[in-house]
Amino acid sequence: MFRRIIMVAAVFMLLNSVGWGAEAKKEFTQKDFAQLVVEQFSWDSGLPKEPADRDYLLILGGKRTFSYEAESSYNDRTDLVSTRDTIMFGPFTGKGWILGVSSTTSANFTVLLPVQGEYILKAVIKGDGFVWNVDKKDYRADSKSAKFREVEVGKIFLKAGIVKIEVTIPPEGAIDSFSFAAADYTPIQPLVGWRFKERLTAGRMAEIAVSMMSGYSRLPESPDSALKTLSAAEAAILPESAAKTGTAFLGKFFSTEWIRADYRGASIQIPVKVDETGYYSITANLLGDRISGSVNESRFEFSGKQYLDKLTFGPFRFESGDNMITVNLPPMGGIDTVEFSRKSTLPADFLKLAGISGPPERPVTADEARSFLKSFQSAFPVRK
1 MFRRIIMVAA
11 VFMLLNSVGW
21 GAEAKKEFTQ
31 KDFAQLVVEQ
41 FSWDSGLPKE
51 PADRDYLLIL
61 GGKRTFSYEA
71 ESSYNDRTDL
81 VSTRDTIMFG
91 PFTGKGWILG
101 VSSTTSANFT
111 VLLPVQGEYI
121 LKAVIKGDGF
131 VWNVDKKDYR
141 ADSKSAKFRE
151 VEVGKIFLKA
161 GIVKIEVTIP
171 PEGAIDSFSF
181 AAADYTPIQP
191 LVGWRFKERL
201 TAGRMAEIAV
211 SMMSGYSRLP
221 ESPDSALKTL
231 SAAEAAILPE
241 SAAKTGTAFL
251 GKFFSTEWIR
261 ADYRGASIQI
271 PVKVDETGYY
281 SITANLLGDR
291 ISGSVNESRF
301 EFSGKQYLDK
311 LTFGPFRFES
321 GDNMITVNLP
331 PMGGIDTVEF
341 SRKSTLPADF
351 LKLAGISGPP
361 ERPVTADEAR
371 SFLKSFQSAF
381 PVRK
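Just so we're aligned, residue 1 is where the sequence shown starts under the working numbering, counting upward by one.
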């Protein structure tokens with residue numbers, strides 16, 4: 001009798017464990033939502049045939065500089081070129097580079113472009129008289145240098161997916177690599193980044209939605225984040241082409257000194273340390289017609305003035321700990337102070353902005369996620 005009771009209990013536990021396993025599999029995870037986003041917005045053409053997690057993260061991450069090695073991209077069965085790994089034309093990237101022959105020949109590159117857009121095509125080449133045929137259009141590229149040199153080939157609009165390029169190579173011409181570059185998109189991600197194995201909650205879906213609408217600027221200021229000010233003259237890493245100055249006739253400055261570039265322009269790096277990951281509005285007191293730069297490699301560019309004037313840009317993401325603001329000053333441009341303050345990270349503010357109801361920890365079902373994305377797509381422009 002006792003043995004029978006044990007057997008019944010064991011069978012009951014086994015059946016329940018199977019049921020629990022099936023229930024766990026029904027959980028709608030962050031990975032499921034990431035895949036749904038890529039499918040819903042028709043971005044899946046930028047995926048390989050057997051996509052891995054990193055392929056989804058590449059599309060959602062927003063970076064739009066994609067580099068390719070010539071020796072890995074050409075057709076080794078048909079192209080009359082050879083692969084070399086010597087430094088006869090100077091330093092190279094990857095495992096090697098390709099070399100043409102004594103007469104004009106061609107190479108056929110096939111690459112996968114994850115994200116569509118208008119790109120600047122650049123190539124690292126040696127030789128004069130290259131012709132790049134992309135999407136049935138020819139682009140001439142020349143380098144009279146005896147060493148590898150990066151040149152701009154042209155500006156091209158490309159759809160995501162397989163891109164085929166035919167390159168006419170002049171006699172003894174060589175190609176190391178080529179790249180497509182465009183302005184980055186705002187990353188689509190939860191506030192703490194993607195955690196594909198975790199169940200999707202209303203709070204995380206709201207954070208992802210705010211990132212999709214590039215809506216961080218619409219979040220209120222964090223109630224516990226005070227405005228912080230850095231003096232560029234005290235905090236910046238200065239190149240040889242910039243120096244501190246106290247010149248007062250070029251606008252109002254707030255430090256004892258400010259930084260001015262000489263006739264060459266200057267790239268100014270300003271280390272920033274914060275306690276909490278989040279999105280921060282940045283205001284800088286700047287001088288210059290055209291200012292560019294980056295915040296942790298996320299680029300920016302805008303017009304300035306011929307005198308020191310405060311300009312607000314962002315928000316940009318700072319990670320907890322060390323961050324870097326890089327400001328590229330034009331010739332005779334300048335920078336005085338940098339101010340920054342954190343946007344709210346409260347779940348209630350994300351839920352309100354995204355129009356999602358319920359507590360942030362509420363699990364989201366697959367049906368709710370699909371319905372939300374459809375309504376979201378009709379209401380907000382996403383990466384247009």
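Note that beta-carbon positions come from the ideal geometry of N, C-alpha and C, so glycine has one too.
Exposure of residue i, with buried meaning 16 or more beta-carbon neighbours within 10 Å
i	result
LYS122	buried
TYR216	buried
ILE356	buried
THR186	buried
LYS343	buried
SER378	exposed
ARG264	exposed
PRO315	buried
MET88	exposed
PHE372	buried
ARG290	exposed
THR337	buried
PRO114	buried
LEU227	exposed
ALA392	Summary: the structure shown does not reach residue 392, with the chain confined to residues 1 through 384, and so no result is reported for it.
ALA10	Residue placement at ALA10 is flagged as unreliable, the pLDDT there being 48, under the threshold of 50; a coordinate-derived value is accordingly withheld.
GLY46	buried
ARG260	buried
SER375	exposed
ASP143	The sequence given here places Ser at residue 143; Asp does not occur at that position. Its Cβ being crowded by 16 or more others within 10 Å, SER143 is buried.
LEU191	buried
Inter-residue CB distance, residue i and residue j (contact presumed, cutoff 8 Å)
i	j	result
GLU152	ILE120	6 Å
PRO472	THR201	Residue 472 is absent from the model: the chain starts at 1 and stops at 384.
MET324	ASN296	6 Å
LEU99	SER73	Incorrect: roughly 15 Å between the Cβ atoms, too far for contact.
GLY117	ALA206	Their Cβ separation, rounded to whole angstroms, is 27 Å, which puts GLY117 and ALA206 out of contact at 8 Å.
LEU308	LEU287	5 Å
ALA160	TRP43	7 Å
GLU257	THR245	6 Å
GLY203	GLU361	7 Å
ALA236	ILE270	5 Å
GLU27	ARG199	5 Å
Residue i and residue j closer than 8 Å at C-beta
i	j	result
GLY154	TYR139	yes
SER292	ASN328	yes
PHE196	GLN306	no
GLU71	GLY90	no
PHE130	ILE188	no
ILE125	ALA141	yes
ASP184	SER298	yes
LEU353	ARG218	yes
SER179	SER67	yes
PHE318	VAL274	yes
VAL134	ILE175	no
ILE335	ALA232	yes
VAL382	PHE33	no
SER255	SER341	no
Where residue i sits in the DSSP three-state scheme
i	result
GLY94	coil
TRP20	With a pLDDT of 44 at TRP20, under the threshold of 50, the predicted position of this residue should be treated as unreliable, though the coordinate-derived value follows. In this structure, TRP20 counts as helix in the three-state DSSP scheme.
PHE28	coil
ARG299	strand
GLU368	helix
GLU118	strand
PRO330	coil
PHE254	coil
PHE318	strand
ILE87	coil
SER375	helix
ILE291	strand
ALA160	coil
GLY154	strand
GLU361	coil
ILE59	helix
LYS228	strand
ARG218	helix
GLU69	strand
LEU112	strand
ALA242	strand
LEU391	Coverage of the chain is limited to positions 1 through 384, which leaves residue 391 absent and any answer about it impossible.
VAL37	helix
PRO381	coil
PHE350	helix
ALA266	strand
ARG77	coil
ASP128	strand
ASP142	strand
TYR280	strand
CB contact below 8 Å: residue i versus chain D
i	result
GLU361	No chain D is part of this structure, which consists of one protein chain only.
Continuous beta strand (DSSP E) assignments of at least 3 residues falling wholly in the stretch 171 to 215: Counting whole runs of 3 or more residues, the stretch 171 to 215 contains the beta strand (DSSP E) stretches 174 to 181.
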